[in-house]
Amino acid sequence: DAGVIQSPRHEVTEMGQEVTLRCKPISGHNSLFWYRQTMMRGLELLIYFNNNVPIDDSGMPEDRFSAKMPNASFSTLKIQPSEPRDSAVYFCASSGQGRGYTFGSGTRLTVV
Amino acid sequence: DQQVKQNSPSLSVQEGRISILNCDYTNSMFDYFLWYKKYPAEGPTFLISISSIKDKNEDGRFTVFLNKSAKHLSLHIVPSQPGDSAVYFCAASRTRSNYKLTFGKGTLLTVNP
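Sequence lines, in order, name chains R and E. Its first residue numbered 1, the first sequence is counted upward by one per residue in this note's numbering. Its first residue numbered 113, the second sequence is counted upward by one per residue in this note's numbering.
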């Protein structure tokens with residue numbers, strides 16, 4: 001089991017550019033989460049998918065953020081246009097029935 | 113409004129001694145609590161959990177205590193080892209099956225040899 005796989009590990013981009021973060025959950029897990037970690041706010045839930053369907057996106061900060069899960073093995077988080085305040089570590093996590101979260105290693109995003 | 117608070121950003125202890133990490137919560141609807149450990153450049157990993165029907169859960173060197181009346185939980189590590197040096201996150205949810213975990217900001221534990 002390779003765990004939750006996120007790519008890229010690091011992303012540096014210029015303000016105004018589009019950024020796409022990718023996640024492959026653990027096979028068989030039916031729930032997927034995107035979290036953002038910042039010094040000021042800690043770990044915040046951005047969006048939650050269950051069986052590929054977005055259930056709760058109330059944590060998405062604004063319309064510049066969007067997330068998709070086209071199938072059970074892939075999800076993307078897109079920021080367009082990116083801003084310096086979006087700089088953070090973005091984590092994807094997945095879980096199955098009755099099990100806790102398994103987090104990926106995260107994507108460190110820097111917007112300059 | 114931070115519903116899960118870890119008021120100590122950092123803690124330093126000697127190897128072999130006890131480490132006590134604290135967490136307070138404000139939402140009385142929370143009834144399931146977890147601790148996660150995070151090493152640099154890795155994602156958080158699950159460590160131990162406790163349901164509100166218990167006041168203690170133990171797993172090897174790790175014990176979590178829950179005081180519901182005080183809305184306080186703590187993680188005890190005995191004995192502490194240098195490999196325990198990491199950031200520890202407290203998290204809470206309304207039910208064990210509820211998807212939404214609310215995390216604290218974390219406490220950096222350093223165990224000195």
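For glycine and all other residues, C-beta sits at the position ideal for the given N, C-alpha and C.
- Report yes if the CB atom of E:Phe177 is closer than 8 Å to the CB atom of E:Val116, and no otherwise. Against a cut-off of 8 Å, the Cβ pair of E:Val116 and E:Phe177 comes out as no contact.
Short of 7 Å Cβ to Cβ, which residues in the stretch 29 to 42 of chain R face chain E?
Taking 7 Å as the Cβ-Cβ cut-off against chain E, the residues of the stretch 29 to 42 of chain R that qualify are Ser31, Gly42.
Quick one: measure Cβ to Cβ for E:Ala198 and E:Lys149, integer angstroms, because I've assumed they're closer than 8 Å. That pair is a contact at about 5 Å.
Kindly list the residues whose CB is nearer than 7 Å to the CB of E:Phe158, restricted to its own chain and excluding five residues on each side of it in sequence; keep chain order. If we look at E:Phe158 and ignore the five residues flanking it on each side, its Cβ neighbours are Leu146, Tyr148.
For this session: Take R:Tyr101 and list the residues in its own chain whose beta-carbon comes closer than 6 Å to its own, dropping the five residues that flank it on each side.
Result: Cβ within range, chain order: Ala93, Ser95.
- Taking a Cβ distance cut-off of 9 Å, strictly less, list which residues of the stretch 16 to 27 of chain R are near chain E, in chain order. Listed in sequence order: no entries.
**Q.** Buried/exposed call for E:Ala203, threshold 16 Cβ in 10 Å
**A.** By the neighbour-count definition (other C-beta atoms within 10 Å, threshold 16), E:Ala203 is a buried residue.
* Per-residue contacts from E:Pro156 into chain R (C-beta, under 7 Å) -> Near E:Pro156 (Cβ distances below 7 Å), the residues of chain R are Phe103.
Q. CA-CA distance, R:Ser75 and E:Gly128?
A. Cα-Cα distance, rounded: 43 Å.
Exercise. Pair every Cβ in the stretch 64 to 84 of chain R with every Cβ in the stretch 20 to 37 of chain R, then say whether three or more of these pairs are closer than 8 Å.
Key: They touch, by the three-pair rule.
- Message: Suppose contacts are defined by Cβ-Cβ distances below 8 Å. Is E:Tyr144 in contact with E:Ser161 by that definition?
- Response: Going by C-beta atoms, E:Tyr144 is nearer than 8 Å to E:Ser161.
Looking only at C-alpha atoms, which of R:Pro54, R:Asp86, R:Gln37 sits nearest to R:Phe103?
-> Closest by C-alpha distance to R:Phe103, out of R:Pro54, R:Asp86, R:Gln37, is R:Gln37.
**Study point:** 9 Å Cβ cut-off: residues of chain E touching R:Phe91
**Key:** The contacting residues are Gly155, Pro156.
Alpha carbon of R:Pro90 to alpha carbon of R:Gln17, nearest angstrom: Note that residue 90 of chain R is Tyr in the sequence shown here, rather than Pro. In a straight line, the C-alpha of R:Tyr90 is about 17 Å away from that of R:Gln17.
Under 7 Å from the C-beta of E:Phe215: neighbouring residues of chain R: Within chain R, the C-beta atoms nearer than 7 Å to that of E:Phe215 come from Gly42, Leu43, in chain order.
request  = Measure from the alpha carbon of R:Ala88 to the alpha carbon of each residue in R:Val4, R:His10, R:Ile5, R:Ala2, then state which is nearest.
outcome  = Answer by Cα proximity: R:His10.
Inset, instruction - Establish whether the CB of E:Leu185 and some CB of chain R are separated by less than 8 Å. - result: E:Leu185 does not count as touching chain R.
- prompt: Going by other Cβ atoms of all chains shown within 10 Å of its Cβ, with 16 needed for buried, is R:Ile47 buried or exposed?
  reply: R:Ile47 comes out buried.
Practice problem: Quick one: which unbroken beta strand (DSSP E) runs of 3-plus residues sit fully inside the stretch 124 to 160 of chain E? Chain order, please. | Solution: Taken in chain order, the whole beta strand (DSSP E) runs of length 3 or more contained in the stretch 124 to 160 of chain E are 131 to 137, 144 to 150.
Exercise. Would you give the residue range spanned by the beta strand (DSSP E) that R:Gln124 belongs to?
Key: As shown, chain R starts at 1 and ends at 112. That puts residue 124 of chain R outside it, with no answer to give.
For R:Asp57, does the three-state DSSP call read helix, strand or coil? Reduced to three states, the DSSP call for R:Asp57 is coil.
Legend entry - C-alpha gap between R:Ala67 and R:Trp34, whole angstroms: If you take the alpha carbons of R:Ala67 and R:Trp34, they lie about 9 Å apart.
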